[in-house]
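When we follow my numbering, the leftmost residue of the sequence shown carries the number 1473, and every step to the right adds one.
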Amino acid sequence: MACTIRESSPFSAAQGELEAVLREAGLFVAREFSAPSDRPIIPRVPQDQFDRLVSSALPEEGQSLDSVRQRAEAFLARYTARLLPAGFSAMVTASPNPYALLAEILACAVNQHVMRGDVCELACRLEQRVIGWLGKFMEYPAASGTLTSGGATANLLAIAAARTSALGSGVRRRGLDGVPLVAYASSQTHVSTMRAMDILGIGADNLRTLPVDNRYRLDLAALEDAVRSDRDAGRRPFAVVAQGGSVAVGAVDPLDAIAGLCERERLWLHVDAAYGGPAAGVEPAKQLFRGLARADSVTVDPHKWLSVNYECGCLLVKRAEGLEAAFAPDEASYLKSDTATDAPDFMNRGIEFSRGFRALKLWATFVGLGARKLRMAISQDIHLAEHFAGLLARDDHWALCAPPSLSIITFRFVPDSGLSSDYLDALNERIPAALRADGRMYLGSARIDGRIALRSCLINHRVTDADVAGWVRIIKERGMCLHRDNRAWWTKPVRQSPS
Ligand SMILES: *Cc1c(COP(=O)(O)O)cnc(C)c1O
């Protein structure tokens, strides 16, 4: 084809077409947000069905906006996980909120990126402002930092900042140069911490994963011993990663005591509160977070307990300079500001250059709901976890694995007395798949002290007492079926051998 001079944009639509299509799309959005859909909670997408929806051939010719809308709506409505009504209680998964939804649509319309303060002034100022609000919400004073794609990225930025703080900015050019850095966390730490150590070339084995107490909190004496023995061996301790709500059981490490140790030992204190952070300013959880304000950096995921639609993570820091020392490029002349502004250059605070306008949906959530309602929703989730535990305690078909902490509850289904632990592991391990096939609700499992537990994380602000009571019935029903039919999947004795 001969190259022609462009006379019209390939994106230009007929008069009124975009409006009409968006009006239809708006109806889809409203349906998804109101009528709890009847699709299974986690629909399967078999390859052959997928191939019918999306051909493997690259589309050579285009289609109208409305036909793209119809096709997308058809597969979204049938094949996406149902996160909005109560029911999905696995991992750390929130249900979307309408304020963030609206903000995301509007941000997409203007396609605002967030990079250099002078060209993205509004977006950079807004990001700075909402990070300040988030810090206030969590009672982490004078917060600065950056929004990220999620908690894993925020943890990576924190460890990079800790490394640069320990070794100076020369480490960015020379690398570690043989300096044997070590960091510390509890055995409950999220795998993204190991990944960050790995990516930064410090090595995942140089994260010491230390013992916990009977409530899964980092053992302070073990931390003191580990730091001392590493120093004695000539290694270079540089950071502690404390849990502000561990993913398995919701444990919050003794932050105040750890902060004291970090100050004495000159270690960077990072708190991974990706999940639990929003509870730091909320009764009855607040006391658990005493000492958070002393941390050098804190990860918190607004896309978890604040129900901001994906993606929205955040790294809070006391001093933005600590992040900028780790990330601001020396040389990038085409990226230099040409107009003076005090709006921050967010590209200097992390690994991303072009970023989406995440701040708008966090702003919309705070402005739309207000901090008071958000606190109330979080506090209700915590009470709901206690209520859940109470329901289980009243029935001898259940055993709690750890006391509920924040809004996480871990437990086992015990259909009968005298069953062996291995059998109960195998039974409980099969329950999530059975729930998924059933389609009414879903929770996952976690390994706790080597045993398999069912785990529910209550951060969907739409869940009620009645939902939880219904879940207990559904899990029991599915568990009983598996137990009755255990010949199909268990060949060893089900009972404990008498000893
Ligand atoms: C969820 C979570 C992460 C990872 O966060 P993403 O947003 O999934 O990247 C890290 N740490 C903790 C404690 C978490 O709960």
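Glycine residues also receive a C-beta, built at the ideal position from the N, C-alpha and C atoms.
- When the beta-carbon positions are compared, residue 1880 and residue 1777 stay at least 8 Å from each other.
- In this structure, residue 1621 lies away from residue 1796, with their beta-carbon atoms at least 8 Å apart.
- Counting only runs of 4 or more residues that sit fully inside the stretch 1680–1706, the alpha helix (DSSP H) segments are 1692–1704, in chain order.
- Excluding sequence positions up to five before and after residue 1767, its CB lies within less than 6 Å of the CB of 1741, 1743, all in the same chain and listed in chain order.
- Fewer than three pairs of CB atoms, one per stretch, sit closer than 8 Å, so the stretch 1859–1877 makes no contact with the stretch 1633–1640.
- For a cut-off of 8 Å, the C-beta gap from residue 1831 to residue 1619 is around 6 Å, short enough to register as a contact.
- Counting along the chain, the unbroken alpha helix (DSSP H) around residue 1895 starts and ends at 1893–1910.
- When the alpha-carbon of residue 1566 is set against those of 1892, 1849, 1753, 1607, the nearest one is in 1849.
- At a Cβ-Cβ threshold of 8 Å, residue 1564 and residue 1663 do not count as neighbours.
- In its chain, beyond the 5 residues on either side, 1664 have a beta carbon closer than 6 Å to the beta carbon of residue 1624.
- Its chain contains 1607, 1765 as the residues whose beta carbon lies nearer than 7 Å to that of residue 1613, once the 5 sequence neighbours on both sides are disregarded; these appear in chain order.
- DSSP links residue 1872 through a beta bridge to 1883.
- If you look at residue 1506, you'll find it in the alpha helix (DSSP H) that goes 1489–1506.
- For residue 1564, the distance from the CB to the nearest heavy atom of ligand 1 is below 7 Å.
- Residue range 1916–1920 is occupied by the beta strand (DSSP E) that includes residue 1917, with no alpha helix (DSSP H) assigned at that position.
- Counting along the chain, the unbroken alpha helix (DSSP H) around residue 1570 starts and ends at 1570–1582.
- Separation of residue 1792 and residue 1630 (C-alpha to C-alpha, rounded to the nearest whole angstrom) is 11 Å.
- Across the structure, residue 1513 and residue 1547 are spaced so that their CA atoms are roughly 15 Å apart.
- The DSSP assignment places complete alpha helix (DSSP H) segments of no fewer than 4 residues inside the stretch 1714–1767 at 1727–1737, in order along the chain.
- Residue pairing by DSSP places residue 1618 opposite 1787 in a beta bridge.
- Per DSSP, reduced to three states, the secondary structure at residue 1813 is coil, with no helix or strand assignment.
- The criterion of a C-beta distance shorter than 8 Å is not satisfied by residue 1557 and residue 1950.
- Taking all protein chains in view, the Cβ of residue 1661 is crowded by 16 or more other Cβ atoms within 10 Å, so the residue is classified as buried.
- Taking the Cβ of residue 1670 as the reference point, every heavy atom of ligand 1 lies at 7 Å or farther away.
- Residue 1483 counts as exposed, since fewer than 16 other C-beta atoms from the protein chains shown sit within 10 angstroms of its C-beta.
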